[in-house]
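Structure first, commentary second.
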Amino acid sequence: MNEEIEWDHMTEVDVVEGPVKKVTREKMIKTIKKMKPRKEAELSEVNMEMLSASGETEIKVMMALCQRVLDVRGMQSIGR
């Protein structure tokens, strides 16, 4: 997740229907620990060193962001 890539706009995915999954604290911590620390911030201007330094705030903000993305995608799939 901490590498910026160019998107070719040609990626296709299957529509997933059903209830939106909830982002758990445990899953977020596990995912953050898998991320590779990098010094440069690249396009987002935020790097893992910055996120790690924010401690509990990092986890809460990332959980909220990821949950928001899932919630919006869930609403789009049911045509809201």
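Counted from 1, the sequence shown has number 142 at position 22 by my numbering; the numbering is strictly sequential. Every residue gets a Cβ at the ideal spot worked out from N, C-alpha and C, and that includes glycine.
Round the Cβ separation of residue i and residue j to the nearest angstrom and send it over; I've been treating them as touching at under 8 Å.
i	j	result
Met168	Met155	5 Å
Ser172	Glu165	16 Å between Cβ atoms; not a contact.
Considering only C-alpha positions, which residue in the set the options is nearest to residue i?
i	options	result
Glu176	Val166, Ile149, Leu190 and Val192	Ile149
Glu126	Asp191, Ala184 and Leu163	Leu163
Arg145	Val192, Val189, Ala184 and Asp191	Ala184
Look at the Cβ atom of residue i, then the Cβ atom of residue j, and state whether they are nearer than 8 Å.
i	j	result
Cys186	Val143	yes
Met182	Ile152	yes
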